[in-house]
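Trainee:
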Amino acid sequence: MESGPASLLLVGAGLCGLGGTILIASVLGRWGPPGLVAGVVFLLAGFAGLFASTARRTQTASVTCPSCGEPGLAPADLDRSASAACHRCGTYCHRTDSGVVVAFPDAHVAPAPIFEARLPSGDLRWGPGCAVCSSIPCEPELIASPREVMVRVPVCHLHRGAEAAAVRIARSGRAVIRFRSHAAARRFRAFNPG
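Be aware that the sequence shown starts at 80, since it is given in my numbering, and climbs by one per residue.
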């Protein structure tokens, strides 16, 4: 039997109906306390099924991206981490304290690298300026992943050694680079597509 939200909804409604019927029969037929207890138990089980079906439906629905307006964000992604990228447009979003999903502003700089971009093989193209604050002049700083992927990231004198970016190997086996600066990640993706 399928255990999706629709089947939980049917089971919950059925148990609520059965519990209500037993309660009415108990009162009218004078079944006494055993009938009342049975009716309440079935009603509670039914309400639990209805609640579970609603919760499950909420978890599986996608969240609309505030940037492109398409349903491209998985709620589980936003619950597991502080940010998630829209599967359609790539905009990074987060939940506010009130639960509203909003896009990070370009000026946002996170305390650690969280904004991800694919790391293409070959020569990398960088936009002008530091990978954290976009100021000029800057010099390349070598960063490396645990699996020996090395990249030279442009940083200004203020952000030298400040973990402007991090390189890692994704589950897919591809190398990715994460930036602290949302603007730097977007700029890198624009200069190094796909």
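From the three backbone atoms N, C-alpha and C, an ideal C-beta is built for every residue, glycine too.
Apart from the five residues on each side of it in sequence, which residues of its chain come closer than 7 Å, Cβ to Cβ, to residue 145?
Mentor: Once the five neighbours on either side are set aside, the close Cβ partners of residue 145 are 172, 180, 181 and 182.
Trainee: Inspect the beta-carbon positions of residue 305 and residue 267 and report whether they are closer than 8 Å.
Mentor: The requested residue 305 is not part of the displayed model; the chain covers only 80 to 273.
Trainee: So what does DSSP say about residue 215, is it helix, strand or coil?
Mentor: In the structure shown, residue 215 sits in coil (DSSP, three-state: anything other than H, G, I, E or B).
Trainee: Could you give the residue range of the alpha helix (DSSP H) that holds residue 261?
Mentor: Unbroken alpha helix (DSSP H) run through residue 261: 261-270.
Trainee: Decide if residue 109 is buried, meaning its Cβ has at least 16 other Cβ atoms within 10 Å, or exposed.
Mentor: That one is exposed.
Trainee: Would you report the Cα separation of residue 95 and residue 114, rounded to the nearest angstrom?
Mentor: Their backbone Cα atoms lie some 15 Å apart in a straight line.
Trainee: Considering only C-alpha positions, which residue in the set 246, 201, 163 and 238 is nearest to residue 142?
Mentor: Nearest of 246, 201, 163 and 238 to residue 142, Cα basis: 163.
Trainee: Which residues does DSSP pair with residue 172 in a beta bridge?
Mentor: DSSP lists 163 and 182 as partners of residue 172.
Trainee: Where residue 210 and residue 247 are concerned, what is the direct C-alpha to C-alpha distance, given to the nearest angstrom?
Mentor: Residue 210 and residue 247: Cα-Cα distance of roughly 17 Å.
Trainee: What is the C-beta distance between residue 234 and residue 218, in whole angstroms, given that I count them as a contact (C-beta under 8 Å)?
Mentor: Right, the Cβ-Cβ distance comes to about 7 Å (below 8 Å), so this counts as a contact.
Trainee: Could you spell out the range, first to last residue, of the beta strand (DSSP E) harbouring residue 248?
Mentor: That run of the beta strand (DSSP E) goes 244-248.
Trainee: Take residue 122 and list the residues in its own chain whose beta-carbon comes closer than 8 Å to its own, dropping the five residues that flank it on each side.
Mentor: These residues qualify, in order along the chain: 94, 95, 98, 99 and 102.
Trainee: Quick check on the DSSP output: the beta strand (DSSP E) that includes residue 196 runs from which residue to which?
Mentor: Per DSSP, residue 196 belongs to the beta strand (DSSP E) from 194-197.
Trainee: Rounding to the nearest angstrom, what Cα-Cα distance links residue 222 and residue 169 in this structure?
Mentor: If you take the alpha carbons of residue 222 and residue 169, they lie about 24 Å apart.
Trainee: Keeping to the same chain, check which residues put their C-beta closer than 7 Å to that of residue 117; ignore five residues upstream and five downstream.
Mentor: Here the set comprises 101.
Trainee: Since residue 194 and residue 241 should fall inside the 8 Å C-beta cutoff, what is the C-beta to C-beta distance between them, to a whole number of angstroms?
Mentor: Residue 194 to residue 241, Cβ: 15 Å. No contact.
Trainee: When DSSP labels each residue in this structure, what does residue 228 get in the three-state scheme?
Mentor: Three-state DSSP puts residue 228 in coil, outside helix and strand.
Trainee: If we count the other Cβ atoms within 10 Å of its Cβ and call it buried at 16 or more, is residue 215 buried or exposed?
Mentor: Classification of residue 215: exposed, given that the 10 Å Cβ count is below 16.
Trainee: Closest by CA to residue 186, which one among 175, 272 and 260?
Mentor: If we check each option's Cα against that of residue 186, 260 comes out closest.
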